[in-house]
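Okay, structure first, notes after.
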Amino acid sequence: MPSIKLHYFNTEGRAEIIRLIFAAGGVDFEDDRIERKNWTALKSAGVYPFDQVPVLEVDGRLIGQTGAIARFAARVAGLAGKTSIEQAMADQAADCLFNDLFEKYVAFAFYETDEKRKDDMKSKYLAETLPFFCGRLEKILQDNGGEYFTGSLTYADIALYRFIRFSKESIDLKLDSAKYPGLTGVYTRVSELPNIKKYEAAKTTSTY
Numbered sequence: 463m464p465s466i467k468l469h470y471f472n473t474e475g476r477a478e479i480i481r482l483i484f485a486a487g488g489v490d491f492e493d494d495r496i497e498r499k500n501w502t503a504l505k506s507a508g509v510y511p512f513d514q515v516p517v518l519e520v521d522g523r524l525i526g527q528t529g530a531i532a533r534f535a536a537r538v539a540g541l542a543g544k545t546s547i548e549q550a551m552a553d554q555a556a557d558c559l560f561n562d563l564f565e566k567y568v569a570f571a572f573y574e575t576d577e578k579r580k581d582d583m584k585s586k587y588l589a590e591t592l593p594f595f596c597g598r599l600e601k602i603l604q605d606n607g608g609e610y611f612t613g614s615l616t617y618a619d620i621a622l623y624r625f626i627r628f629s630k631e632s633i634d635l636k637l638d639s640a641k642y643p644g645l646t647g648v649y650t651r652v653s654e655l656p657n658i659k660k661y662e663a664a665k666t667t668s669t670y
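Counting the sequence shown from 1 gives a position; this note's numbering is that position plus 462.
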């Protein structure tokens with residue numbers, strides 16, 4: 463097993479999916495929590511590949527970009543998919559959750575400074591973005607048996623758990639189990655995984 467160190471702030475943010483994948487797979491790693499007061503100096507030093515975090519350090523080599531790190535973590539944890547088509551199916555769902563749902567939330571919640579525009583973006587997100595992509599993800603689940611995105615547990619299912627739990631706390635998301643039985647079912651199943659329960663119980667921060 464390689465020596466693995468995750469660099470991120472002392473928050474959940476974009477690194478939490480990586481922590482969850484490692485936790486689910488029982489992979490040991492060092493969780494380096496960067497203090498905000500030290501970030502400017504670290505960034506100026508050009509330590510990280512793109513001057514941003516998360517960054518994963520594997521046997522001294524640095525890997526940037528959340529999606530790339532998540533896929534690496536999934537392979538190490540045995541949660542990337544059993545075949546090349548399963549891996550592609552898992553990537554498809556995970557990329558939707560990362561890029562089409564999570565990042566579009568971040569765009570208005572953290573980056574938009576104009577309050578009216580922020581409210582408009584949030585309204586559109588709740589009325590259009592969430593229903594559209596949740597509907598498509600639900601269909602993918604049902605087309606693959608309804609239990610997991612590829613038929614067996616992968617990091618995409620953990621990404622869905624992460625997104626729903628985050629959304630419950632950040633925007634008071636209430637997914638209709640009658641409308642989205644697959645999505646709500648995955649959330650419940652992942653939340654009951656022993657390693658996930660252990661990780662969540664031991665977590666020291668819930669700050670996003």
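Quick reminder that beta carbons are idealized off the backbone N, C-alpha and C, glycines included.
In the DSSP assignment, find the unbroken beta strand (DSSP E) run with residue i in it and report its ends.
| i | result |
| --- | --- |
| Arg476 | Segment: none, Arg476 is in no beta strand (DSSP E) and carries neither H nor E. |
| Val517 | 517 to 520 |
| Leu524 | 523 to 526 |
Looking at the structure shown, is residue i part of a helix, part of a strand, or coil, going by DSSP?
| i | result |
| --- | --- |
| Lys467 | strand |
| Leu637 | coil |
| Glu492 | strand |
| Gly540 | coil |
| Pro643 | helix |
| Val568 | helix |
| Val509 | coil |
| Leu674 | Nothing about residue 674 can be read from this structure; the chain reaches only from 463 to 670. |
| Lys580 | helix |
| Thr575 | coil |
Am I right that residue i and residue j are in contact with their C-beta atoms under 8 Å? What's the rounded C-beta distance?
| i | j | result |
| --- | --- | --- |
| Ala539 | Gly487 | 2 Å |
| Val517 | Pro511 | 7 Å |
| Ala507 | Ala532 | Not confirmed; about 25 Å, so no contact. |
| Ile626 | Leu637 | 7 Å |
| Thr612 | Ala552 | 5 Å |
| Thr528 | Phe560 | 7 Å |
| Asp493 | Arg481 | 7 Å |
| Tyr642 | Cys596 | 6 Å |
| Val515 | Phe471 | 7 Å |
| Gly543 | Leu603 | The pair is not a contact, with the Cβ atoms about 15 Å apart (cut-off 8 Å). |
| Phe594 | Lys584 | The Cβ separation is near 15 Å, so there is no contact. |
Against chain D, with Cβ distances strictly below 8 Å, would residue i count as a contact?
| i | result |
| --- | --- |
| Val520 | This model lacks chain D altogether, as it is built from one protein chain only. |
If you follow the alpha helix (DSSP H) that residue i is part of, which residue opens it and which one closes it?
| i | result |
| --- | --- |
| Leu504 | 498 to 506 |
| Glu662 | 656 to 664 |
| Glu548 | 546 to 557 |
Worksheet item: What alpha helix (DSSP H) runs, 4 residues minimum, are completely inside the stretch 591 to 641?
Response: If one requires a minimum length of 4 residues, the alpha helix (DSSP H) runs lying completely within the stretch 591 to 641 are 592 to 605, 617 to 632, in chain order.
Worksheet item: Is it a yes or a no for the stretch 492 to 511 touching the stretch 540 to 548, going by three-plus beta-carbon pairs under 8 Å?
Response: Flag = no, the stretch 492 to 511 and the stretch 540 to 548 do not touch.
Discussion item. I'd like to know if the stretch 603 to 619 and the stretch 638 to 654 are in contact, where contact means that at least 3 CB-CB pairs between them fall below 8 Å.
Written reply: Yes, they touch.
Fill in: Three or more C-beta pairs below 8 Å linking the stretch 639 to 650 and the stretch 566 to 581
Flag = no, the stretch 639 to 650 and the stretch 566 to 581 do not touch.
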